[in-house]
Amino acid sequence: MLDITRVAGKLTFGMAAFLSVLVALVSYRFVPVGVSEAMDFVAHNLENNALALYGHIAVAPVALALMPFQFMSGLRARRPGLHRWMGRGYVAAILVSGVAGFVLAFHTTAGPVATAGFAILAVIWLGTTACAFLFALKRQIDRHRRWMLRSAALTFAAVSLRLYLGIAMAFGADYDLTYVIVAWVSWVPNALLVEAYLLGRRRSRAATLLPAG
Ligand code: HEM
0 MLDITRVAGK LTFGMAAFLS VLVALVSYRF VPVGVSEAMD FVAHNLENNA LALYGHIAVA
60 PVALALMPFQ FMSGLRARRP GLHRWMGRGY VAAILVSGVA GFVLAFHTTA GPVATAGFAI
120 LAVIWLGTTA CAFLFALKRQ IDRHRRWMLR SAALTFAAVS LRLYLGIAMA FGADYDLTYV
180 IVAWVSWVPN ALLVEAYLLG RRRSRAATLL PAG
């Protein structure tokens, strides 16, 4: 029989994976034409923050592109070595681009509220990813999975941000105000959704472990 929940889950994952790889690839549009042409609103960083800018825009897309593959159970089971190497790549990419993103946050032209949104995101992106990595090293796989989900929800902020900006622009919203709002809305709901999912899973596990009656 057709399991609707399973099919919906697979479709959602497929769509999220597709968008992640697409946004990662499109981010490299600065390679053929240069930063000033491709993303003029961050080009001011070229003067004093070129290292942070390139460290972020060249490396963060690697984390985003690798992320969905880490959740493919078939791939993980068939090629555990590849899973570990891609995991190391994901962590290294976040280490570099997270620190660079933190620096960039203090140079955004969108103002202090956007700075706070991006800077806090950078810190917890680095923190959740570090926890996921450390639990993998300790072979505490259940904890590793939980922290990877948290990290991935934040990595996915790169997709959410562009989706929300695009939708808001299509409805004629004010760009500057929308940008400040999405500096928060691109990641806070993602993080809360993952917490709600993990809580639900913990509760249903606890319920199945309770003796009947
Ligand atoms: C999740 C943590 C992240 C943080 C804290 C962060 C932070 C930032 C900041 C502060 C800027 C400059 C924005 C401005 O000056 O107004 C920026 C731009 C950018 N970020 Fe991130 N970022 C993150 C994740 C990612 C990921 C996963 C990607 C992968 C595609 C990415 C790709 C870019 C690109 C391409 C830009 C240049 C502007 C654009 O094309 O939108 N970032 N990021």
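Numbering-wise (numbering that gives the first Met the number 0), the sequence shown opens with residue 0 and increments by one.
C-beta: ideal position from N, C-alpha, C; glycine also.
Just so it is clear, the structure is predicted and the values come from calculations on it, not from any experiment.
| query | result |
| --- | --- |
| Neighbour-count burial assignment, S229, 16 or more Cβ in a 10 Å radius | No answer is possible for residue 229: the residues shown for the chain start at 0 and end at 212. |
| Cβ-Cβ distance between V179 and G80 below 8 angstroms | no |
| Counted within 10 angstroms of its Cβ, other Cβ atoms place L63 as buried (16 or more) or exposed | buried |
| C-beta contact flag for F117 and A167 at 8 angstroms | no |
| Boundaries of the alpha helix (DSSP H) in which T127 is found, first to last residue | 111 to 136 |
| Proximity of R149 and V193 at Cβ, strictly below 8 angstroms | yes |
| Residue burial classification, V214 (beta-carbon count within 10 angstroms, cutoff 16) | Absent from the structure is residue 214, since the part of the chain shown begins at 0 and ends at 212. |
| Rounded Cβ spacing between N44 and A37 (contact assumed at less than 8 angstroms) | Wrong, their Cβ atoms sit about 13 angstroms apart, outside the cutoff. |
| Segment limits, alpha helix (DSSP H) that includes D141 | 140 to 154 |
| Other residues of its chain near L74: CB distance less than 8 angstroms, five sequence neighbours each side excluded | F68, L81, H82 |
| Check: G86 C-beta below 7 angstroms from any heavy atom of the ligand HEM | no |
| Bounding residues of the alpha helix (DSSP H) (the contiguous stretch that carries H222) | Residue 222 falls outside the range modelled here, since the chain spans only 0 to 212, and no answer is possible. |
| Continuous alpha helix (DSSP H) stretch holding P188: start and end | 187 to 208 |
| Helix, strand or coil at M38 according to DSSP, with G and I counted as helix | coil |
| C-alpha distance - V158 paired with L198, whole-angstrom precision | 24 angstroms |
| Cβ-heavy atom distance, W124 to the ligand HEM, below 7 angstroms | yes |
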